[in-house]
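**Q** Have a look at this one before I ask anything.
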Ligand code: UDP
Ligand code: MG
């Protein structure tokens, strides 16, 4: 028997694209249901992440016209990752498999067929991987690639060129629920959950309309979160650095004692200035990085809710 698919689509000020996205998904669902690949009870769940435009009103209208489309309204803007999580946790109550996808049609809707096929073959996680990045600017492509490599070096297990377009089975989501962290970085968490996984490849398009809700500032913040939420390598690096500098300073101590005994000392103003600045800088850097982790511990210990649902449109 065909399994129930839920799509989770986070929406933040997406009034320009949501109609088109709805039309295309409705068409896709029709095909998939006719082909017997997914159950007729399959749904699309729009998660309104505190939009300030007409997005939520439009979602309500869509839901009233076609019950395949449901809406989940968060109490305020919580960011893409939290919005996706809210949708996933809601969807898994009824779904056998859930696909998360952006609202802006950058991800290829036609890849859904293949994802569902892989699920039916027995995979629990199917990552959508972009095989080209030609629609991205050179800057975005370059920084994204450097970032993936950095993450791998830091020991974070992620899938190269994969964003948040992926299929997950119910049991993956049930286990994902147990990862209680507040600093969410889903593409780092999903591989940690495990279970059989595979990838499908697709070409990433331009945003259909509207503009990116991920300005550079948010992107940098997200990138930094990715490292500090999942890896403690930066702390280890600092420790190693501290150890090396400590060894060096012992050498310098011995050297200066020897020089003193030999009577070769002279006013070393410049070397002192250099070392004061170098060490000062290093210490501040270390404190900053450690502070980042303490900040995270602080947030985690509060274990605040990661999202609050205001309304759920789920008439059948
Ligand atoms: N989004 C969200 N909350 C936010 C920012 C973005 O739910 O605070 C959604 C947005 O509506 C879209 C997806 O996350 O469906 C990805 O955002 P966007 O396309 O703007 O990012 P980009 O593709 O430029 O990285
Ligand atoms: Mg986008």
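Numbering (the working numbering), first residue to last: -19 to 296.
Here a beta-carbon is modelled for each residue, glycine too, at the ideal position from N, C-alpha and C.
Note that this is a predicted model, so its numbers are computed, not measured.
(1) Just reading off the alpha helix (DSSP H) that residue -11 is part of, what are its end residues?
(2) Let's see if you can read the secondary structure: which residues bound the alpha helix (DSSP H) around residue 167?
(3) Could you pull out every residue in the same chain whose Cβ sits closer than 8 Å to the Cβ of residue 277, ignoring the five residues on either side in sequence?
(4) Can you name, in chain order, every residue of its own chain whose Cβ lies under 6 Å from the Cβ of residue 27, other than the five neighbours on each side?
(5) May I have the straight-line CA-CA distance separating residue 309 from residue 25, to the nearest angstrom?
(6) May I ask you to report which of helix, strand or coil DSSP gives residue 70?
(7) Rounding to the nearest angstrom, what Cα-Cα distance links residue 227 and residue 255 in this structure?
(8) Could you tell me which whole alpha helix (DSSP H) segments of length 4 or greater appear in the region 172 to 219?
(9) Comparing the CB of residue 359 with every heavy atom of the ligand MG, is any distance shorter than 7 Å?
(10) Please report the straight-line C-alpha distance between residue 180 and residue 148, rounded to a whole angstrom.
(11) Is it the case that the CB of residue 59 approaches a heavy atom of the ligand UDP more closely than 7 Å?
(12) Less than 7 Å separating the Cβ of residue 192 from some heavy atom of the ligand UDP?
(13) Which whole-angstrom value describes the C-beta separation of residue 32 and residue -7, a residue pair presumed to lie in contact below a C-beta threshold of 8 Å?
**A** Let me spell this out:
(1) Note, residue -11: premise wrong, no alpha helix (DSSP H); beta strand (DSSP E) at -15 to -9.
(2) 166 to 173
(3) none
(4) -10, 52, 63, 66 and 67
(5) Nothing about residue 309 can be read from this structure; the chain reaches only from -19 to 296.
(6) helix
(7) 15 Å
(8) 196 to 210
(9) Beyond the ends of the chain as shown, which are -19 and 296, falls residue 359; an answer cannot be given.
(10) 13 Å
(11) yes
(12) yes
(13) 6 Å
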